[in-house]
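S.K.:
In the numbering used here, the protein residues as written are 1486 to 2314.
1. Going straight from the alpha carbon of residue 2310 to that of residue 1628, what length do you get?
2. Since residue 1615 contacts residue 1585 with CB under 8 Å, what's their CB separation in whole angstroms?
3. Let me know the secondary structure DSSP gives residue 2314 once reduced to three states.
4. Whose C-alpha, out of 2179, 1807, 1779 and 1814, is nearest the C-alpha of residue 2251?
5. So, with DSSP's three-state summary, where would you put residue 1738?
6. Taking the alpha-carbon of residue 1882 as reference, which of 1874, 1866, 1589 and 1873 has the nearest alpha-carbon?
7. Measure the alpha-carbon distance for residue 1803 versus residue 1745 and round it to whole angstroms.
8. Just to confirm the assignment, what range does the beta strand (DSSP E) spanning residue 1714 have?
9. Measuring straight from C-alpha to C-alpha, what distance separates residue 2241 and residue 2283?
10. Whole angstroms is fine: what's the gap from residue 2136's alpha carbon to residue 1757's?
11. Just verifying my parser: in three-state terms, what is the DSSP assignment at residue 2372?
12. Relative to the C-alpha of residue 1936, which candidate in 1829, 1714 and 1613 has its C-alpha closest?
13. Would you tell me roughly how many angstroms separate the C-alpha atoms of residue 1702 and residue 1811, rounded to the nearest one?
14. May I ask you to verify whether the stretch 1689-1702 touches the stretch 1765-1782, counting CB pairs closer than 8 Å and requiring at least 3?
15. Looking at residue 1790: is its Cβ nearer than 7 Å to the Cβ of residue 1762?
16. Using the beta-carbon count (16 or more within 10 Å), is residue 2048 buried or exposed?
17. So, for residue 2301: in the same chain, excluding its five sequence neighbours on each side, which residues have a beta-carbon less than 8 Å away from its beta-carbon?
18. Ignore the nearest five residues each way along the sequence and tell me which others in residue 1706's own chain have a CB closer than 8 Å to its CB.
19. Please report how far the alpha carbon of residue 2294 lies from the alpha carbon of residue 2202, in whole angstroms.
20. Answer with buried or exposed for residue 1571, where buried requires no fewer than 16 other C-beta atoms within 10 angstroms of its C-beta.
21. Within 10 Å of its beta-carbon, does residue 1871 have 16 or more other beta-carbons around it, so buried, or fewer, so exposed?
22. Can you list, in chain order, the residues of its chain whose CB lies under 6 Å from that of residue 1742, leaving out five sequence neighbours each side?
23. Check residue 1765 in the structure and name its three-state DSSP category.
24. Tell me the rounded alpha-carbon separation between residue 2017 and residue 2061.
25. Can you look up residue 1984 in the DSSP assignment and give me helix, strand or coil?
26. Work out the CA separation of residue 1548 and residue 1980 for me, nearest whole Å.
27. How many whole angstroms separate the CB atoms of residue 1928 and residue 1951, which I take to be in contact at a CB cut-off of 8 Å?
28. Give me the residue from 1863, 1878 and 1948 with the minimum Cα distance to residue 1869.
29. If we call anything under 7 Å between Cβ atoms a contact, is residue 1606 one with residue 1987?
30. When the Cα of residue 1752 is compared with those of 1764, 1735 and 1836, which residue comes out closest?
31. Whose C-alpha, out of 1595, 1582 and 2081, is nearest the C-alpha of residue 1535?
32. Can you tell me whether residue 1653 is buried or exposed? The criterion is at least 16 other CB atoms within 10 Å of its CB, across all chains shown.
33. Just reading off the alpha helix (DSSP H) that residue 1654 is part of, what are its end residues?
34. Run through the DSSP bridge pairs and tell me what residue 2197 is partnered with.
35. Name the two residues that bound the continuous alpha helix (DSSP H) containing residue 1774.
36. Quick one, which of 1822, 1814, 1799 and 1832 has its alpha-carbon nearest residue 1805's?
See below:
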């Protein structure tokens, strides 16, 4: 029977803290408190997954995983409990097999055993200053000591295609608007330029994994090959990645483990200009001329998007690897010493050649860069378990550094060699105490960080404390391992857990400032306070469980304006992210051969700039003002409003004469720059929803996920830029742009703001498992990804707009998330 269980997402969280009683701690164990989230591989999203983060979209309340378009190698913007920095780092800290700051893309999705999303204050304090935006721990497969040889093959093949495009005028509709003097724009064609640059792409993914034991050595490894052309022509990703882990005997005082991860990939990046040209293309112009050559100047901006994709050669090659060693020595029954070392090395090469001279003159350049990183950690762990109480403690030191190796920049000049860009020294001390028959748990962590970053010395101290009261729990034997030490009780039959915690994170943002006419490094202090409280419940029968949490995340940091030369600090302010999170999971049907489970997650976020240090306000520049000019402001930074609040003119409508009207806010009889702009809306989402369901009937299983965000507004910059075509004889080729005179309409106004609400069918998978002799199994599956989208947004894609720069701007260079249909096979032997 298929082994997917939605309850496996949160079952391990309710009972297991940092506790356990066994011969030694489990390897790399970092057990979570009740408010943390553990996602097992069995519950990951189905389909062809290129990035590990795509597997957990819609799984965790308060965690936004946003895909920025349809590129196969697209990046995922990840935000945990809102955004708390004006323009500093906003992404969580990723930890791969105990190494902080690692690239999650280094890990093959099929090689992941579980992910832990840390939201508990004491858990976060373990990572110090870099945990301000949350922590996501990725744990790869390690193999099971004492198990026999096992192997698995997972293969997937499918097609990807665009299902959503901007609604533009057809050739017939466009011709109907041509005047006799404009007939020269009719080239006799009937071209949908968005469709012309897209394709149905065949993708394939193959993974082979092995594990077993040989002469008391536990061996685990995996090899993955991915070939993923994109839904836009001349956009593709080829990747070969692998992992090998060898562990020593577990029945000795000294345990050791060595792991190696690596990947090599080549990608053809998505050409931004081709996307822009496809939106500005004249539908009455053909792609090719009668002689078979490309039609030149087929769009308002000049250039043929199909020709550009064929004639602009750009590629990026990346090689990256990590070698990791871990050792644990049992000094006595209560004391363990640990050490970890990791070395990461990478090299990238970007090549660009515009040999077709499609837009500008000839361009041909190469950029190469090498990077190196090292991590060393030493820990001393103590555990003392008694019948009624338990005490665990940890004391550790670590050092991490990163460097830029020899490279060549865009001008062909060598980059600085061996330059250390980051070095961090840390001391962490923590402990926990469980009393009253292990029902009351107190956990505290203090970490001190000292670092050198961009020649600026910094130091911070970060404490965290959490309390849990586990009612009705009656621990029996012991099983899992905890973070500070071994041992935690097995799950009781009925648990009600109350938790409350707090921490303080002090960070330093290093930037270069202009001081006395010279560039000098400066450390900009940032401080964050996190309060977290909630309740977790499980029914006596174990058929349902629920969690409800509230949090208050208050951050004090600096706001600076990015410049082509240097940043300029203009203000300081405080940002509050507060809200609620909930999760309810249950078995609606549980019979001998039928099981139906549902997991519902949701969150509400209140984001607000509480105060600014100066009385004035700063306005962030937007991309364009609609006339191709920079400097028209679209965001305002002011106390009392959320981050990413749109600021501009309020659209009043169009008169019968086609006059485009704006609201005169100060009633002075004219529209001016300062007096008539007003606060319009915010791009910050408020509500998150995810509903995941699994139906098992015998050996057949149907599972799927619907997720989305709402309560926010997006700038449809695609529509704004189409309106910008007023400077050409033919204007407004989009059905979504007003067709009347827009002589004063091509500036940013509320007309171009639309609801960003969306609800997406993330995936739907049907699978059937065949039982084979000798405990072998074969599973066949079919998956649909991103097939359906419900939204009030008229731009290319509401999710991609949240992944754009600036946040909430659909800036025409992100293709919509594509739909994928795939068939898969999994063979275990």
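Cβ coordinates follow ideal geometry from the N, Cα and C atoms, glycine included.
Everything numeric in this text was worked out from a predicted model, so none of it was measured.
M.R.: Quick answer:
1. Within the chain shown, numbered from 1, the residue matching residue 2310 stands at position 825. Within the chain shown, numbered from 1, the residue matching residue 1628 stands at position 143. Answer to the nearest angstrom: the Cα atoms are 22 Å apart.
2. Reading the chain shown from its first residue, position 130 is the one you call residue 1615. Reading the chain shown from its first residue, position 100 is the one you call residue 1585. Correct: roughly 7 Å between the Cβ atoms.
3. Residue mapping note: residue 2314 aligns to position 829 of the chain shown, counting from 1. Looking at residue 2314 - three-state DSSP - the assignment turns out to be coil, as it is neither helix nor strand.
4. Counted from its first residue, the chain shown places residue 2251 at position 766. Of 2179, 1807, 1779 and 1814, the residue nearest in Cα terms is 2179.
5. Here residue 1738 refers to the residue found at position 253 of the chain shown. Residue 1738 falls in the coil class under three-state DSSP.
6. Residue numbering aside, residue 1882 sits at position 397 when the chain shown is read from its first letter. Looking at the Cα atoms, 1866 is the closest of the given residues.
7. What you label residue 1803 is simply residue 318 of the chain shown in a count that begins at 1. What you label residue 1745 is simply residue 260 of the chain shown in a count that begins at 1. Approximately 17 Å between the Cα atoms of the pair.
8. Locating residue 1714 in the chain shown gives position 229, where the first residue counts as 1. Residues 1702-1714.
9. Reading the chain shown from its first residue, position 756 is the one you call residue 2241. Reading the chain shown from its first residue, position 798 is the one you call residue 2283. So the alpha carbons of these two residues sit roughly 6 Å apart.
10. Here the question's residue 2136 lines up with position 651 in the chain shown. Here the question's residue 1757 lines up with position 272 in the chain shown. Answer to the nearest angstrom: the Cα atoms are 30 Å apart.
11. As shown, the chain starts at 1486 and ends at 2314. That puts residue 2372 outside it, with no answer to give.
12. Within the chain shown, the letter at position 451 stands for residue 1936. For the residues 1829, 1714 and 1613, the minimum Cα distance to residue 1936 belongs to 1613.
13. Within the chain shown, residue 1702 is the residue found at index 217, counting from 1. Within the chain shown, residue 1811 is the residue found at index 326, counting from 1. Straight-line Cα distance between these residues: approximately 15 Å.
14. no
15. Translated into positions along the chain shown, residue 1790 becomes position 305. Translated into positions along the chain shown, residue 1762 becomes position 277. Closer than 7 Å, so yes.
16. The count along the chain shown starts at 1 and reaches residue 2048 at position 563. Confidence is the limiting factor: at residue 2048 the pLDDT is only 44, short of 50, which leaves the residue's position unreliable, though a coordinate-based value still follows. Label assigned to residue 2048: exposed.
17. Position 816 of the chain shown, counted from the first residue, corresponds to residue 2301. These residues qualify, in order along the chain: 1554, 1555, 1647, 1648, 1649, 1650, 2281, 2282 and 2285.
18. Start at 1 with the first residue of the chain shown, and residue 1706 comes out as number 221. Once the five neighbours on either side are set aside, the close Cβ partners of residue 1706 are 1694, 1695, 1696, 1727, 1728, 1729 and 1730.
19. Position 809 of the chain shown, counted from the first residue, corresponds to residue 2294. Position 717 of the chain shown, counted from the first residue, corresponds to residue 2202. Roughly 6 Å between the two C-alpha positions.
20. As a first step, residue 1571 is located in the chain shown; it is residue number 86 there, counting from the start. Buried, because 16 or more other Cβ atoms sit within 10 Å of the Cβ of residue 1571.
21. Mapped onto the chain shown, residue 1871 falls at position 386. Exposed is the call here.
22. Mapped onto the chain shown, residue 1742 falls at position 257. Around residue 1742: 1732 and 1811.
23. Here residue 1765 corresponds to residue number 280 of the chain shown, with the count starting at 1. Residue 1765 falls in the helix class under three-state DSSP.
24. One-based indexing of the chain shown puts residue 2017 at position 532. One-based indexing of the chain shown puts residue 2061 at position 576. One C-alpha to the other measures close to 14 Å.
25. Residue 1984 sits at position 499 when you count from the first residue of the chain shown. In this structure, residue 1984 counts as strand in the three-state DSSP scheme.
26. For this step, residue 1980 is matched to residue 495 along the chain shown. For this step, residue 1548 is matched to residue 63 along the chain shown. Looking at the two C-alpha atoms, the distance is approximately 26 Å.
27. For the purposes of this step, residue 1928 is identified with residue 443 of the chain shown, where counting begins at 1. For the purposes of this step, residue 1951 is identified with residue 466 of the chain shown, where counting begins at 1. Rounded, the Cβ-Cβ distance is 5 Å, consistent with contact.
28. For the purposes of this step, residue 1869 is taken as the residue at position 384 of the chain shown. Selected option, being the one with the closest Cα: 1878.
29. In the chain shown, counting from the first residue as 1, residue 1606 sits at position 121. In the chain shown, counting from the first residue as 1, residue 1987 sits at position 502. Yes. Within cutoff.
30. Position 267 of the chain shown holds residue 1752. For the residues 1764, 1735 and 1836, the minimum Cα distance to residue 1752 belongs to 1836.
31. Within the chain shown, numbered from 1, the residue matching residue 1535 stands at position 50. Per the Cα distances, 1595.
32. Indexing the chain shown from 1 puts residue 1653 at position 168. With 16 or more other Cβ atoms within 10 Å, it is buried.
33. Sequence index remark: in the chain shown, residue 1654 carries index 169 (1-based). Where residue 1654 is concerned, there is no enclosing alpha helix (DSSP H), given that its DSSP letter is neither H nor E.
34. The count along the chain shown starts at 1 and reaches residue 2197 at position 712. Its beta-bridge partners do not exist; DSSP assigns none.
35. Taking the first residue of the chain shown as position 1, residue 1774 is located at position 289. First-last for residue 1774: undefined, no H or E at that position.
36. As a working note, residue 1805 is residue 320 in the chain shown. Selected option, being the one with the closest Cα: 1832.
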